[in-house]
């Protein structure tokens, strides 16, 4: 791999949203509100990603909210069987548009935008939710497109998802860079021909079985620098 330099960084940056831009920790409180332990948040979210990707691999499709709701119903049946499941599900999922961005995101996104990079988002979640989050953070005008996987009907890391992003941007894959916190997303984008930047928000190592990122940064502001 030829190392990226300042002159070779792609002009189009495609941002993952959940956990990359958004701080999902407030969801733990919503889980506790409905009788679930807050510590199941990572397990639940990983299960949502697993089931969405599994459906894509099998040639199926379902939206993020529907899969997330199914996972919550299962957890409620096991751990909080006295709860009203539909009301509980709505209470948790309604928090997504209200999630804050990580503290480094505002500075980093604005710096990248002001430096002339074209910014897009690509989420397995909802573009409408992304817009609500970015509106609250005052960042919507920094992004030229807010994308989800509804149109390709394929969850990341399917090549079709990344193809949707670069097609929207009107550039070849090699002229775009995915920015994400999840190594599986980085690996998928790299296999689809994009450059990649791993936002390392946790101290764990990058998996040796996946294609490495071109750039590693501690946050979005660090990436901009």
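Residue numbers (this note's numbering): 4 to 228. Ideal Cβ positions, reconstructed from N, Cα and C, are used throughout, including at glycine.
- In the three-state scheme derived from DSSP, where H, G and I count as helix and E and B as strand, residue 121 is classed as strand.
- A check of alpha carbon separations from residue 79 across 58, 35, 228, 159 identifies 35 as the nearest.
- The region 138-158 makes no contact with the region 175-189; the number of CB pairs closer than 8 angstroms stays below 3.
- Cβ-Cβ distances below 6 angstroms link residue 142 to 112 in the same chain, with the five nearest sequence neighbours on each side left out; the list follows chain order.
- Secondary structure of residue 12 (DSSP, three-state): coil.
- Remark: fewer than three beta-carbon pairs, one from each stretch, lie closer than 8 angstroms, so the region 53-65 and the region 75-92 are not flagged as touching.
- For the pair residue 187 and residue 160, the Cα-to-Cα distance works out to about 7 angstroms.
- Taken atom to atom, the span from the alpha-carbon of residue 22 to that of residue 183 is near 8 angstroms.
- Following the DSSP letters along the chain, one finds residue 31 inside the alpha helix (DSSP H) bounded by residues 29-36.
- Out of 116, 156, 192, 139, the CA that lies nearest to the CA of residue 169 is found in 192.
- Taking 3 residues as the minimum length, the beta strand (DSSP E) runs contained wholly in the region 149-198 are 179-183, in order along the chain.
- Nearest to residue 206 by alpha-carbon distance, out of 213, 220, 198, 196, is 220.
- Annotated three-state conformation of residue 56 is helix, per DSSP.
- In terms of Cα proximity to residue 211, the closest of 225, 67, 189 is 189.
- Leaving aside the five residues that flank residue 118 on each side, the residues in its chain whose CB is nearer than 8 angstroms to its CB run, in chain order, 227.
- Residue 218 is bridged by DSSP to 200.
- Shown here, residue 223 sits in a helix according to DSSP, grouped into three states.
- Unbroken alpha helix (DSSP H) runs of no fewer than 4 residues, entirely contained in the region 71-122, are found at 88-96, 108-117, following chain order.
- Note on residue 172: 16 or more other CB atoms within 10 angstroms of its CB, so buried under the neighbour-count rule.
- Judged by their CB atoms, residue 24 and residue 108 are nearer to each other than the 8 angstroms cut-off.
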